Structure formats: structure tokens, C-alpha cells
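Colleague: Handing you a structure now.
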Amino acid sequence: MTRGARLAAALLGAILLSALLAPWLAPADPRAQGALESLIWQPPSAAHPLGTDSAARDVLSRLLHGGRATLGIALLAVTVSMSLGSCIGAVAAVARGPLDALLMRVTDAFIAFPRLLLLLLVVAGVGHPGNAAFAVLLGATGWMTTARLVRQETRRLLATDHVRGARAVGVPWPRLVARHVLPALAPTLAAAATFAFATAVPLEAGLSYLGLGVLPPAPSWGNILADADARPLAHWWLVFFPAVAIAVTVVSANVLAETVARRAGAIDADRGEDEA
Amino acid sequence: MRRLLRHAPVLFALLLAAACGRDADVGGGTVIITTSADADALVPPLRATVGGKMVTELLFDPLVEIGPELDPIGDEGFVGRLAKSWAWSPDSLVITFTLDERARWHDGAPVVARDVAAGLAAIKAPANASTLFADVLEIDSVHVVDERTAALHFRERHNEQMYSASLVTPLPSHLVDTIPDGALSSSAWAQAPVGSGPYRFVAREPKVRLELAAVADHYRGRPGPDRIAMVVSESPATAIAKLWTEEADVWDVLPPPDVAEAAKHPHIRLVRSQGFDYAFVAFNYRDPRDTARAHPLLAERRLRHALTMGVDREGIVRALFDSLGRPGLGPFVRAQYSADTTLAQLPFDTAAASALLDSLGWTGRTRDGIRTRGGRPLALRAVVPAPSANRVRASVLVQEQLRRVGVDVTLEKLEGGAFNAARDAGRWDLIFGGWGTTPSLRGTRTTWGTRTRPGWGRLNAGHFENATFTASLDSALSARDLPTARGHFRRAYEAAIDDAPAIWLYEPAPVNAVHRRFTLPAWRSEAWWRTLPQWTLDPAQALPRDRAAAGAAAAP
Amino acid sequence: MRAALVSRLLQAAVVVVLVVVAAFALIRLAPGDPFYSSLEEANVAPEQVARIKAHWGYDRPIPEQFARFARNLAQGDLGYSHSRIQSVQEALAATIPNTLVLVVTALGVAFAAGIALGAWQGWRAESRAARSTDTLGTVAVSVPEFVLAVLLMIGPALAWRWFPVSGMRTEFGPAGLAGLADLLWHLALPATALALPVLFIVARLQRNAMLGVRDAEFVRAARARGAGEGRAARRALRNALVPVLAYAGVHLSALVGGVVIVEKVFDWPGMGRLMVAAVHARDYQLVVGGVLAGAVCTVVGTMLADLLLLWADPRQRGRA
Amino acid sequence: MSAPVPRRRAAPALRVRELDVRTEGTMRALLTDVNFDVAPGEAVGVVGHSGAGKSTLAGAIAGLLPRGVALGKRAQVHLGDVALHEATPDAWCDLRGRRIAMVFQEPAMALDPAMRIGDLVAQTARWHGLPAREARDRAHDMLGRVGFRQPARAARAFPHELSGGQRQRALIASAMLLAPELLIADEPTTALDPTVQAQVLDLIDRLRAESGTALLLISHDLEVVAERCGRALVVAGGRLVDDAPSAQVLAGARARRTPIGQRAVGAAAPAPAPLLDVRGLTVTYPGPRLGLRRAPDVRAVVGADLAIGRGEVVALVGESGCGKSSLAHAVLRLVAPAAGTVRFDGLDVLGQRGGAMRALRRRMQLVPQDAGASLTPHLRAGDLVAEALEVHGLAQGAEAWRRAEALLDEVGLPARAAQALPRQLSSGERQRVALARALASDPDLLVADEPLAAVDEAARTQVLALLERRRLERGLAVLLISHDLPAVRRLASRVLVMYLGRVVEASAGAGALSDPRMPYTQALVAAIPTGDPAAPRRRPALPEARVDADASATGCAFHPRCPHPLKDDRCRSERPSLQSVATDQPGHLAACWMVPPPPTS
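Protein chains in written order, with our numbering: chain W, 5 to 280; chain P, 6 to 561; chain F, 15 to 334; chain A, 193 to 793.
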């Protein structure tokens, strides 16, 4: 692990820890509102290190508790999208023939369908479904890249000499997949998962900006940012601190993902076989 | 120095202008109205939003228009537009209007009596689903007496007959009659209307911009500004930002933080005006699960009183509007003639509220302080419209304040369409509602009137029912003069406040921003754009777009 | 080659049909009403709304509505948009070009600069400058698009007034050549907001591909034939383009995902803004028309990327 | 445009003095104190075990050392009058391609995959100052001289559309285009078949003679060096241990080799019922997809018959692409044959299902062609061999591990190999792990596909001894695919020669190779280097095999390339069947009209 990777792992760990320990770390209740007139839109001060928002709530507490919501959503979304994507990808790779074509066309359809629109429609439809259901929804609309990656990688592995060698020795299919194919997939999946996580966190923020993410008064990095929307310049601290939190999380996730991928040799140029 | 540098070209041009006659080539200038909501329709029968009202009232002249005093009773408070004079029938069920012979449509055709009939027909045709259908219910028909005379027949007498008549805007019958029912909204005319107002339609890019040009030979005289453009932005923030960069000239109802920002920009002048909107938290008198049954909790008047007393309305107003808003008084705004600021309000008194709740048996407490009775927590579900930023922020404040007196309010923020659907279905305990009012008080019947009478209470989603209120409102709306009407309204409002169908949250007192280079008459609160034709440009501060307008205006 | 095109067209058609059917059903199932859905338009009586719904056939069962839509589509009629008071064709014709201008410029700049930066970073991997720009790249990729957009709007536009705050043209601005300059002036910030993340993703991909190819046998053979550093690097880059173009083809729609947010922040009158507004207004026919156009653009874009890939990697030409 | 006039020069073409090469970081010496000369036009071989430093020497001379490796300070390398060790990058650009050229082992990797070969060759000329039009003409002319029948069409081809031999010819064309003074050939033909290897080496010699270019030929194959080069430099452990005439070096090496000797006695046991009986086996692969239609199927094996008795070794010989591997894979049912029957110990292999098939798999094992790649990269060698035991229920857990270690020892691998991952082993060691894994389940039949290709001398003898021991002690039957004649002569009880999917010659014992009758077999045997410098001249010129040769053509498949003087239209129209070649050689059959049938007396 390079120096950068260790730093990234440390940062990510700190952030995840702070989100978990939010109730004990946060100086105030994230929903508690200060005296209305005097305390709204306060810039960072001794009393409120990261300032207050439109409802005189302490931004530092909301950032910590918000981390729990945002990271929770991102992790659950990634789990859903990875498992869904891997299953579809693996089935498509092994199935070949019409089933493979069908699955790939459905994947293409999901890619062609503007994801934001799909989320808008569903949330407009059922009303805000609560954070967990929202995360599953995010996952259910973000699995396509993983599916294609897993399909291409599984297909490549099934055609390799060492799988044919193992079959020649007489290794039965289940053991063959478990010991010879899956371990080779693991690093690719790990890299894809970390990249997916690195895109899920800002996505929650973006959706909150469009009024879709975690519903106020519950805190999330996204809706703190969205709260400043009307006056980004005047209420800079509502934009700056969540943005830093998001950026640091995503940078660490990206660096980790790349380290995992490089060690697995997943990103090497000459493996350019097409997936046709 | 930097500002001077930026305006060097303007100064140079002015020197040149001064040399050969001062304001010869600057003309009336171009007014750019910045907004975050595009006009929903360009023709009178279909418009509903403020943007729609503005555009249709610039493009079309009504028969008559309410005067500056905003008195809708009788007809003294009205000024003639397309109609230069009118006469009442003895039983005052028919008003006969005589049209101004100079009035022309933008395509040159004269305005005739048949156009008035076309105007009413377009509103009455059910398939058109006109937004004015309910407001002109009591106008029966239009009788074309002769080329220039049209008589409006009313089904019943009431004190705002002339105001209803002002809603029937004549339409160019030679263009509209051929459009089948229901196809009005998608007709070519509706997309690029020929009107009769001081401005005519030039060009439109939906959700981006709309351009209108002054009608030089308009029968009421040439309007001041040569061109008006309405520029649409995605969010209020971006729209208002254009004021600071002089990309726009006027925005009405400036949010408090921007009022402070405006002070830093010398080219912006602030104008105060009266508000015509009010917001409230309405209680659902019926059980959300089965609207036939009374609401298990909120049907109890004293509980409604306790909740009302638990909300610090003064604090919320100061948080949302600083000094640019006042607490709501009742189902009306201070700018309406029926307003009465002396009405006794329920005070903000958490001690009294808690005592009342205890007396009602809500003595138990859950771990996080929510009151319980017989094991059930005092929990209410509120729906909040996402598009309304003020009501969203107010909901969070109300939620916290009620939590302090032991009431658990869960907020559900719904997007525009979903909010309307939920409101009509009644699947909520509290609703953060709000109404835009007009000088006419007849709207109170629809928003707060009993649902038992035909045409009443369609928007009374909380099923508020109070005999005194209904009776007093009925007599107020048929009173022949202002003092009698005000007396009846006072009794109606007292009954409403006592029954507490809603917590009257706030009534914004808007501040509007206008570019300093325009001088304008008194600001019309209910429809600021009606004075636009009287705006005059100070040639000294003319901007490049003003001069471009002068060139264009001189050309045709 | 021609046969490959035919089979891809078939696949694309299937995808577009799937997407349109899904959009058609989803928008109609969402609650709320296509008419009078914004807050202030609430005072129209339900029976009136029912009449106008019947006029437009929205009260029929969804399959029947789809049949009618398909018949109209066959004659090239995409329907009417209530919220924009114009036909869907006009609405799309007005907004698609604006989005294309934004996306094509942004992606063009992002890929050109990304490939150049990545190739240089890969070829000179050991140099300090290459490593530092690489870490800069990791950070730039991590800033969420809309925070980047807001920052670009606050600084250069609002605070320092170098660029216009929003919109696509100055109101009553100059026409002709000066008009073009005005357009580019307005395009600068949104295109940058969209391009930056893509640029660094492409650079990172190109760098990795270059590292893989830099020591390949054919590069050594090129040197053995007398190629200097420059020529050897060019040959290596020619082959290192393949994984980058392959990535572009697969992730095209994800790359332009940020358009909606950038258009919202900069008031760019494009497809993204149109679709968000259409959904909020429950503008059935506009949503379906927009999704159809969006799907076609995505599919065509992906096919263009695939064709570019076939050009780049001759080995793929043999197999369809 | 006539070939350039050969230039005669007095000074040595290449002078190397005190050549040291070190890794920059750890300063590990790759080459120490190498001194030698190469006269103009002379051909010098460089031989030694893999890893001895041969390629490093080539890289050092051409200034193409890998990253992190550099010449020692005292090293002196002179190409004619130019001091290469002091050459600036610009100087190198002028030198490489014009005065010094290189040809590489893997032609597929050395050609730019995205460039047509015509453009590639022309580019070399353009880089050295020729105008585009003239460069293109010279490129086409050069492609013609290296053996492409239609140079214009060949010029438009991409590397992946050519055969191994054609790619090497293209590389040679670009190297010899400007008649360099020195050509360094780093294992130019190791990856090619014997017949193609012979043609390529002939081509190099012809071009060298025309332009007087000196050759530095690097190869691990002593016979090739002995045939083609007058002198041989022997490199071991990064030092020059011998610089002598190549014949002398070959003789010395042969003396050190353990005697291959004749087959063990008792080979001609009476033929019991065959363990493996293959009849009329046909294997087809789908042709490349041309749009929606699919090109006609490629018939890799056409109606092959094969029988192997217990303890018998049958060798399959032929050029790559003749169907050897397809036949082997079909026998083991790794590929579904289109027609024909395969019976193993009386069982119909193609009919077996599930468990029965797995039991059969235990008794038939494969050592694949690229054995190293058949080992799963993330599993240790011990695990792989133990798995073979566990899968067939012969042992579990620790017992399986212990027997795995014993097997690895039996194939001559050190104890540490069991813990090692495949990438930590050399190609020879990986080959033997694959062999151990195949022998783990004590199979009755072992199909070995080129088991000795990537293995050096020492390991080769060990593998042969192991196969021999298993054959004698356990009655192991082996289907050996190889063109390593000495090994085939030693092990094979019967030899089959295949050409384009058909068996064209068969013999009990190694008769087909010692006394080949079918013209193709003769050409094949002649092409195998023996170390005799005169051999190249005696070889019949055999035209290049076309990439898309059609196996289903009527008549004798070899007819288009057959050099036999008396071939007539019967060869073209009628397919010859296998007939006995001579009465005194029972079992020696050949499928050729020119083979005299046994006298009818």
C-alpha cells in the first residue's frame, strides 16, 4: 500500500467512525433550533464552529449526523447495485445466447433511461420513501456499469487456459467457479464497489440539491448543501463544509479503489479483448 | 472608478446625444422582468399563475378595471378600458357596456360587441377548463345589442357584479370562434395571441424568455417602455442575481436577505407594497382514513386552540421575513377592504397550551417528551408543498415549537402535483396551505366556505364548518355598501378565529426591486404590472438595450 | 463492417422501445395531474379537469393511450406539451441543440485535454510533474459536479463578474458573429463544470493505458527501426486509445449525467431542465417525447463511440 | 529498383570490448566483461540457457536495454567507425533501422497492431529521410523480396490477419529495408514451426548475402546456430564462456547430453485390445462471422483413426494448425467432435454422463500446450496437484497435500515449489507442475501437447525419464504431440503425421520420421535443424502455407504445395488413402499416389 493509499484509508476510516459516533461527538441535537431570530444563518463562531443554517440548527452536529445518513445511503446503495449488477453480469456471461442478449438489452435500456428522471418519477409517485428505501432505489438504478464489467470479466475468465486446464483435470463446475473463477473476480469487484461508493456519495448530495434526497429536518450532507442554495455566496459555510466532507470521502474512496484495482492488475491496457 | 470605466461607452453616447437634442434617440427603453416561473398561459381564459395574469393583462384590455383604491363593491371604484361607459338595468341584473370605438385588435380589426360574447363563451366552455369558470358562475350570458354595445345578464344580484364583469376579457371573435371546444389551449392563436392591450406579442421561447413590443397607436395612448421582456430562470436565486448584474430591471416580492443585498447596489430602488398572499396550517376536521367520520383528535376545538397557542407566530415571521412580513390575522389579507386588525387573536402562550392539553387528558409522556393519552401518542402528520420555500421553512419551525409542548408533528414534503392530489384527498392531519387573494372577497366562499352549498368550499380541504361564519359571509357578500359589508365580515372572522380552523401563520409585506433608471407611479400591490405603460425612462441612465429598443421602435 | 452496423441498429431499436414504454407507463402512474399541477393553479373544479382529460384521452387505459401514441408517432407527431404551450417537436427542437452544444463542447474539450494529459502523464510517469498532476486529478474527480457548478457560479460569475450568471445569450444582445462570441461567453462556465470531472477521468484512464503500452514489444521494435521518443510515444498512444474509447462508449450516458444539474445551476435552456420541469408538471407527452429523444441520443452516441473504437482497434474489425 | 550493391569493409562490423551491464538500483551484474568482434557480413550465434543474458547482450548492443538497466562505464561497443556506447539519442535514431536492425521472437507482439504492414515498412524508410512515394515503392518491393506473392495486397493487411511466418517476414522486410551493416536476431524462429523456421532463416541468409549484412543470431537451439552461423558465442551466468566455431560448440554440447539411446526392449509386445480406439473422428469450428451470415465451418480434423494400447506411446507430428491439438481435445471431450466414435477401455466416451464422465476424466489426463497458463494464477502449485487428488477422491486434506509434495518431487521440483504461486516459477517448472497434476490421479492415458517445447536441456531429460518410468511401471499410455524428433524417436511406439486435419503418414515405431515417404513428411523432417551447415541447401523449397487453406478441397490436400516432380492430375482430383509403403516395413502407411504400392506378388 503506497503512502497515499494508507492516508486515504485513514481518512475514510475517520469519517466512517465520526458518522457512527455522531450522537456522542455532536455538540448539539441536529434538529434542535436555536432562538429563531438571533441564531439563523450564523457564520462559524465559537458557539457554532461550523455556523448555523436556515432554522438556527448547529451545522457541525448536522454534518456529523448527516454523515451517518449520506454514508449509510451510499453503502446500502452500493451493496444493492453491486449484488444486482454481479448477478445479472454473471448470468449473462454464463448463459450466452438469447438470455445474454436479452439481459444486455435491458441493461442498455436502463442506461439509456435518464436515471435522474427515473428517481424523480418514483419519488414523485410514492412520495419520499424514507432513507433505506431511497438507498435501495439508488442501488436499483445504478447497477448497469457493474453488470457490464462482471459480464466481460466472467466471460474472459471462462475462456482462460487455467479454467480449461481445471476442467480437463475433472474439477466439477461448482468447485471450478468457487476456487478458480470467483477469486479472480474479487479484485475487480472490490475496485468497482469502491468506485461505485465514490459516485454514490456525491449523487445523494446532488439529489438533495434537486429536492429528492434525505428529507429535512433529518440531516444529510446533501440537504445541508441544498439549504444554502438560495444564497451560496452569503451562506458560504453551508456550501464549503459539506463539500469538503464529500470531497475528502470521495478522494479517499477513489485512491483506495485504484490501489485495489492496480494490485489486481485489473486496469492493464493490453487486456483489451472486446466483449462482443 | 471601475464603475465609471464600465459605463464609458454610455457616457460617450450621452455626450453625443446631448450635442444633438437630448433624448431624441433613447425612446421609452426596454424593461426586463426577471422571474422564476414562466407564464402558464398567454390568453385570459386559461391563465392562473401570477406570471400568466401579468402577460395576459399586458396583451389584452378588459372591459373595465378596478381602480387604485381596490374597492370591488358597486362600480365607483372601476375605470373604463375597452368600455368607455356602462349602464345598470333597474333590477341591476343587466349591465350594458358601450365600447370605445377607437379600440383595435393588434391585427387592426375593430373591437366589437361580438368579441365580449366570445370572451364569456371561452370561459364558459367546459372543455376549455377555464380557471375563471367559478368566478363568473353568476354571469348568465352576453346579449349583443349592436355593433358597439354589449349587455351582461346576471343570474343573481351581489355587491361585486362589476368586479366579475372585469374578469370577462373580450377576445378577437374573428379568430377565436373557429376554434372548437377544448382545443383553445393548443390553438395557434393561444400560442401567439392577437390581443387588444398596450403591448403586442413578438416572440417566445418557453421557459426562457417572452418579448412584447409597445403598440404605438394604442387607443389609450402610446405606452412608455418600447419593449418588455420576461426572462425565466430555474431558481429564484439565479433570477434575482440578474438584478445585481443589471441583466434585469424588476422583481416583485424580494426575499429578506436580498433586500439587504439590494442596498449594496445603487442602480436598484426598493418599493414597498401591500401583500395579497397569506399562509396557514389548516386542521383536518375529518378523519384522514375515512373522511365521513370526524377527526378523532382535531375535531375537538380546545385541542385546536391549544395547538394554536403553542406556535410562536411572531418568531416565525421574524425568522422568515425579518421586518418584511406580519403574522396572519384570519382568512384574509390586510390589503382587502374586509381586513380588521382589531380582531382578538389567540395568544402565543405555551403554559396555557400545556394546561389545556393536560385538561384534555394528554397527561402521559413518552421517552422523548411526546404527550400520550390512553397509551396513544399525540402525533400528527403534516403535508408541506416542496416548491414553496417559505412554507417549508415555516413547517420546520412549527414542528419544533409543537414538539416543545409535547406534540409530535411529522412532516411530509410533497412535490407540487403530489401536494395538490394529497390536499384534495384529505389524507393528512395538518396542511401547510396558502392562498393568493384578489381585491374581490368572493374567493373566501371557495377557500373557507361550507362544502354543503353548491359552488362553495371546493378548496376547503379541512372541511371547516361553522354556521355563524357561513351566514355572516353570505350577508357580507350581498351587502350594498362597504360599512355594512365590513360589519358582517367582522362577525364572520370572529367566528372563524374562535373555531380556529387553522393557525394563521404569516402575511408577507413585499418589497419590490426596480432599476433606478425608471420612474413609475404608485406601486399597484395586487398587480404591479398595470402601471407599466406609465413607466418613464431617465435618458441619462439609458442602457445599451434601451437604445437598441429605440432603434427597433422607430423602424415599423 | 456494414453487417455489424445492422445488428447494432437492431439492438439500439430494441433498447429505445423498452425505454419509451417504461417512460410512458411510469409518468402516467405517478400521482398528480397533467393540468393545473403547480400550486397556484388549484382553483379549477374537478369536473372541468375531468373534461379536459377526456379531450386529451388521458382517462383511457394506458395500453390504449400507448396505441394512440404509437399511431401518432408513426406519422411523426410527438404530441403537445401543456406546460410549454407548444408542440413536443418544437419543444425538443428548441432544447436538444442547446444541450448538444453544451455536451459536445464539454466532452470534446474533456477528451482532447484528457487524452493529451493522460498520455503525457503515462509517458513521463516518473517525472514529478506527472505524479503531482495525477494526484490533482484524483481530487478534481472527487468534487461533486453540482458543487463544482455552484463554486464556478459563485466565484467567476457572481463575485468577479468575469462571466454571465446564467442563461445562454445576453437579453437583446448582439446578433451574428458578436452573437456567437456572446454564446461562447455564456457557454464557458457550464461547459467547464461539465468537462472537468470527465477530463480527469479520461486522463487517468489514458495514463493507465499508456503505462501498459509504454514498454510493449512493438514500441521497442519501433525504436529499433529508428523512432525517436516522439514517434515511439505517438505509436504507443495510437494503441493506448483503445481502452479509453472503450470506456467512453460504455459510460457515455453516465458521463453526461451531470448535464441536468449543470443546466439547473446555470439556467441553460437544455433538455435536462426541460425534462425536470416536465416531470414536475406531469406533462405526459413532453416527458415521453423527451425520453424518446434522450434514448435515441444516448444510443446514437454509444454507437458513434463503438464505431470510433472499431477504427481505433483493427483487431475488432474482423469480428462483428 | 535493383538490390543495393553489397559493401565490403575492412574494419570489423562490430567490436565489443569490456561490456558490462548492471541494474541501476541494485547494481546486479547482468553481463560482465564481454569481448568479441563480428566481421562484416559474418554470421555469429549467441547460445546459452534461458536467463543466461543472451537477450541482454542484444539489447546492450542496440541501445535498447529495458528500464532501470544500463551499460557499465568501461563498456566499448563500436559499429564500424561509430562508438555506440557514446551515441546520443539523435544518433541512435539515425543508426537504428539504417545501419543496425533487430528482429524479435514474438512477431505478433513486435508489429504495431493498429498499422498495416505496408505502412509499417514504408514508415521505416520515411523515418530515414526517403520521400513518401519512394518509401512506399521500396516497401512494396521489399515485401515482394521477402516472399509475399502480391505485395500490394499484403501491404494492406493488418498483423492479426497474417500467419506467424508472414508476420516474421514483414518484420524482416522492415529490418533489412535499408541494408543495415548488422542485423541482431533475438530468437527469431523459436515460436515458429520447423518448416516455417527453415524458410525464415533461409530468407535472412539470402537477404544478408545480397546486402552484406552481418548477423548476430541469438537462440537456445544449438542445431539452428550450427547450421546458420560459422562461429558461436556461449553465454552462461552473464559471462562469455566460449567463442569457437559453431560445429565444435555443437559437438561439445552433444557429448554432455545424456544419451537418448534406443527404446526400451520389449516394446513390440503383442497388441492387446486397444485402450483408446478412435474411428473417423471429425472436429469442426465455426468460421469467422461475416455479418449476419457465418463463413463455412473450418474442418480442423477430418475422419482421423487412432488406436493406443496400454503402455503404448503414439506421437502426433505436423505443422501448427494441422489439427493435432483439436484431435487431442476431442479425444478428451474438451471439444465436441462433429462425427466419429471415441471408445476408451470399451466405454463410449462421447456417451458418458455426469459422474461416469468424471470417473473417465480421472483415467484420461491432459498436459496442455501452454502448460504454464493452465495453472490457476492465484492457487499454489501444491493446491493444484492436491486438488486433482481430492476431486477424484483419492485423498483428502493433509494426506492429499503430502502426496502432492511427493509428486512434485517426482517431476524434479524443489520442495519450495509446493508453496509457490505459478508466477513465482519458471516456465519449465510450471510445465512440470502441470505434468504432476496430470499424473496425480494415476491416469491410464496421458495426452501431452508439446510437453518439451519451453523446457531446457536438464528438465527435458527428467520429463522423458519420468514418462518412461510411468509407462513401464504403471502401463501409462501416452498420446504425445511434439516435433522434438529425438524425443519422439526415443518414446514413440507409433508415429502419425497429420496435414490439414488428415493423417497422411503412419508408422509402427519411428519409421515415418527416419524414412519418410510422403513428400510432406519428407519436407517436415528435412526442415528440422541437425547442425549440418550444408543442410539448408539440400532442403526442397516449400512455399508458404496459405492462412485460409481449405481442408475440404478435393484430391490430396498437400497437392498445391507438393514439390514432388511427378505429381499429376490424379493428386489434384482424387484423395489418396493410406496404403502400406513397403513390404519390409509392415504398419508404415502413407497417403500419397507417388508412394510405390507393395509388389503384388
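Every residue gets a Cβ at the ideal spot worked out from N, C-alpha and C, and that includes glycine.
Predicted model only: the values in this text are computed from it and were never measured.
Does any C-beta atom of chain F lie closer than 8 Å to the C-beta of Cys285 (chain A)?
Modeller: As a first step, residue 285 (chain A) is located in the fourth sequence; it is residue number 93 there, counting from the start. Chain F contact via Cβ: present.
Colleague: Do you know how far the Cα of Phe536 (chain A) is from the Cα of Arg764 (chain A)?
Modeller: For the purposes of this step, residue 764 (chain A) is taken as the residue at position 572 of the fourth sequence. For the purposes of this step, residue 536 (chain A) is taken as the residue at position 344 of the fourth sequence. Cα to Cα, the separation comes out at about 37 Å.
Colleague: Below 7 Å on C-beta distance, what does Leu219 (chain W) contact in chain P?
Modeller: Position 215 of the first sequence, counted from the start, is the residue given in the question as residue 219 (chain W). Lys418, listed in chain order.
Colleague: What did DSSP end up calling Lys269 (chain P) once you bin it into helix, strand or coil?
Modeller: Numbered from 1 along the second sequence, position 264 holds the residue referred to as residue 269 (chain P). Lys269 (chain P) falls in the coil class under three-state DSSP.
Colleague: Is it buried or exposed for Ala563 (chain A), if we count other Cβ within 10 angstroms and need 16 for buried?
Modeller: Here residue 563 (chain A) corresponds to residue number 371 of the fourth sequence, with the count starting at 1. By the 10 Å Cβ count, Ala563 (chain A) comes out buried.
Colleague: Using a beta-carbon distance below 8 Å, is Asp231 (chain W) in contact with chain C?
Modeller: No chain C is part of this structure, whose protein chains are labelled W, P, F and A.
Colleague: What are the boundary residues of the alpha helix (DSSP H) that Gln196 (chain P) is part of?
Modeller: By one-based count along the second sequence, residue 196 (chain P) stands at place 191. It spans Ala193 to Gln196 - the alpha helix (DSSP H) in which Gln196 (chain P) sits, taken as one unbroken run.
Colleague: Leaving out the 5 sequence neighbours to the left and right, which residues in its chain are closer than 7 Å to Ala743 (chain A) when beta-carbon positions are compared?
Modeller: Position 551 of the fourth sequence holds residue 743 (chain A). Reliability fails at Ala743 (chain A), whose pLDDT of 49 lies under 50, so the model's placement of it is uncertain and the value that follows must be treated cautiously. Cβ neighbours of Ala743 (chain A) beyond the five flanking positions: Arg491, Val494, Leu692, Gly693 and Ala749.
Colleague: Kindly give me the distance between the Cβ atoms of Ile364 (chain A) and Leu399 (chain A), rounded to whole angstroms, as I take these residues to be in contact under 8 Å.
Modeller: As a first step, residue 364 (chain A) is located in the fourth sequence; it is residue number 172 there, counting from the start. As a first step, residue 399 (chain A) is located in the fourth sequence; it is residue number 207 there, counting from the start. Confirmed, about 7 Å.
Colleague: By the 10 Å Cβ neighbour count, where 16 or more other Cβ atoms means buried, how is Ala246 (chain F) classified, buried or exposed?
Modeller: Reading the third sequence from its first residue, position 232 is the one you call residue 246 (chain F). Per the 10 Å Cβ criterion, buried.
Colleague: Roughly how many angstroms lie between the CA atoms of Trp528 (chain P) and Val276 (chain P), to the nearest whole one?
Modeller: Translated into positions along the second sequence, residue 528 (chain P) becomes position 523. Translated into positions along the second sequence, residue 276 (chain P) becomes position 271. Cα to Cα, the separation comes out at about 7 Å.
Colleague: Assign Asp636 (chain A) to one of two classes, buried (16 or more other C-beta atoms within 10 Å of its C-beta) or exposed (fewer than that).
Modeller: Taking the first residue of the fourth sequence as 1, we reach residue 636 (chain A) at position 444. Asp636 (chain A) comes out buried.
Colleague: How would you label Val220 (chain P), buried or exposed, when you count the other beta carbons within 10 angstroms and need 16 or more for buried?
Modeller: Locating residue 220 (chain P) in the second sequence gives position 215, counting from the first residue. The residue in question, Val220 (chain P), is buried, as its Cβ has 16 or more Cβ neighbours within 10 Å.
Colleague: Using a Cβ-Cβ distance cut-off of 8 Å, determine whether Arg235 (chain W) contacts chain P.
Modeller: Locating residue 235 (chain W) in the first sequence gives position 231, counting from the first residue. Taking Cβ atoms only, chain P reaches closer than 8 Å to Arg235 (chain W), which makes this a yes.
Colleague: Is there a Cβ of chain P sitting closer than 8 Å to that of Ser58 (chain W), yes or no?
Modeller: Within the first sequence, residue 58 (chain W) is the residue found at index 54, counting from 1. Yes, contact with chain P.
Colleague: So, is Ala238 (chain F) buried or exposed, given that buried needs 16 or more other C-beta atoms within 10 angstroms?
Modeller: Position 224 of the third sequence, counting from 1, holds the residue named residue 238 (chain F). Burial call: buried.
Colleague: Could you list which residues in chain F have their beta carbon closer than 9 Å to that of Pro206 (chain W), in chain order?
Modeller: Start at 1 with the first residue of the first sequence, and residue 206 (chain W) comes out as number 202. By Cβ distance, chain F contributes Ser156, Val157, Pro158, Glu159, Phe160 and Val161.
Colleague: Count the C-beta pairs between the segment 212-229 of chain W and the segment 162-177 of chain W that are closer than 8 Å, then say yes if the count reaches three, no if not.
Modeller: No: the two stretches stay apart, fewer than three of their Cβ pairs being nearer than 8 Å.
Colleague: Which residue wins for smallest C-alpha separation from Gln616 (chain A), given the options A:Ala447, A:Pro725, A:Leu571 and A:Arg345?
Modeller: By one-based count along the fourth sequence, residue 616 (chain A) stands at place 424. The shortest C-alpha separation from Gln616 (chain A) is found at A:Leu571.
Colleague: Taking C-beta to C-beta, are Trp567 (chain P) and Phe469 (chain P) nearer than 8 Å?
Modeller: Since the displayed chain P opens at 6 and closes at 561, residue 567 (chain P) lies outside it and no answer follows.
Colleague: With DSSP collapsed to three states, give me the class of Ser355 (chain A).
Modeller: Along the fourth sequence, one-based indexing puts residue 355 (chain A) at 163. Of the three classes helix, strand and coil, the one that applies to Ser355 (chain A) here is coil, per DSSP.
Colleague: What would DSSP say about His265 (chain F), mapped onto helix, strand or coil?
Modeller: Taking the third sequence and counting its residues from 1, the one referred to as residue 265 (chain F) is at position 251. Helix, per DSSP.
Colleague: Between Arg288 (chain A) and the rest of its own chain, which residues show a CB-CB distance below 7 Å, the 5 nearest in sequence each way excluded?
Modeller: Here residue 288 (chain A) refers to the residue found at position 96 of the fourth sequence. So the qualifying residues of the chain are Ala254.
Colleague: Determine the burial state of Thr387 (chain A): buried for a count of at least 16 other Cβ atoms within 10 Å of its Cβ, exposed for fewer.
Modeller: As a first step, residue 387 (chain A) is located in the fourth sequence; it is residue number 195 there, counting from the start. Buried, because 16 or more other Cβ atoms sit within 10 Å of the Cβ of Thr387 (chain A).
Colleague: Starting from the C-beta of Arg762 (chain A), find all residues in its chain whose C-beta is less than 7 Å away, skip the five residues before and the five after it, and write them out in chain order.
Modeller: Taking the first residue of the fourth sequence as 1, we reach residue 762 (chain A) at position 570. Closer than 7 Å at Cβ, skipping near neighbours: Trp785.
Colleague: Please confirm whether Leu249 (chain A) has its beta-carbon closer than 8 Å to some beta-carbon of chain F.
Modeller: Looking up residue 249 (chain A) in the fourth sequence gives position 57. For Leu249 (chain A), the answer is no, since every Cβ of chain F falls outside 8 Å of its Cβ.
Colleague: Tell me, to the nearest whole angstrom, how far the beta carbon of Val264 (chain W) is from that of Pro191 (chain W); I am working on the premise that it is less than 8 Å.
Modeller: Indexing the first sequence from 1 puts residue 264 (chain W) at position 260. Indexing the first sequence from 1 puts residue 191 (chain W) at position 187. About 6 Å; that satisfies the 8 Å criterion.
Colleague: What residues in the segment 394-426 of chain P have a beta carbon less than 8 Å from any beta carbon of chain W?
Modeller: Answer in chain order: Ala394, Val397, Arg398, Val401, Leu402, Gln404, Glu405, Leu416, Glu417, Lys418, Leu419, Glu420, Gly422 and Ala423.
Colleague: For Ile37 (chain P), name the three-state secondary structure that DSSP assigns.
Modeller: Residue mapping note: residue 37 (chain P) aligns to position 32 of the second sequence, counting from 1. If DSSP states are grouped into helix, strand and coil, Ile37 (chain P) belongs with the strands.
Colleague: Going by the CB atoms, is the gap between Gly8 (chain W) and Val259 (chain W) shorter than 8 Å?
Modeller: Start at 1 with the first residue of the first sequence, and residue 259 (chain W) comes out as number 255. Start at 1 with the first residue of the first sequence, and residue 8 (chain W) comes out as number 4. Yes, they are a contact pair.
Colleague: Can you say whether Val302 (chain F) is buried or exposed, counting buried as having 16 or more other CB atoms within 10 angstroms of its CB?
Modeller: Here residue 302 (chain F) is taken as the residue at index 288 of the third sequence, counted from 1. It counts as buried.
Colleague: Consult DSSP for Thr150 (chain W) and reduce its assignment to one of helix, strand or coil.
Modeller: The sequence position of residue 150 (chain W) within the first sequence is 146, counting from 1. In this structure, Thr150 (chain W) counts as helix in the three-state DSSP scheme.
Colleague: Three-state secondary structure (DSSP) at Glu165 (chain W)?
Modeller: Within the first sequence, residue 165 (chain W) is the residue found at index 161, counting from 1. Checking the sequence, you will find Asp at residue 165 (chain W) rather than Glu. In this structure, Asp165 (chain W) counts as helix in the three-state DSSP scheme.
Colleague: Identify which residue in F:Val35, F:His96, F:Ser95 and F:Trp174 has its Cα closest to the Cα of Phe80 (chain F).
Modeller: Here the question's residue 80 (chain F) lines up with position 66 in the third sequence. Per the Cα distances, F:Val35.
Colleague: Please identify, using Cβ separations under 7 Å, the residues of the segment 294-314 of chain A that lie next to chain F, in order along the chain.
Modeller: Those residues of the segment 294-314 of chain A that come within reach of chain F (Cβ to Cβ, closer than 7 Å) are Met294, Phe296, Glu298, Met301, Ala302, Leu303, Asp304, Pro305 and Ala306.
Colleague: Does any residue of chain F bring its CB to less than 8 Å from the CB of Leu384 (chain A)?
Modeller: As a working note, residue 384 (chain A) is residue 192 in the fourth sequence. No, Leu384 (chain A) does not count as interfacial toward chain F.
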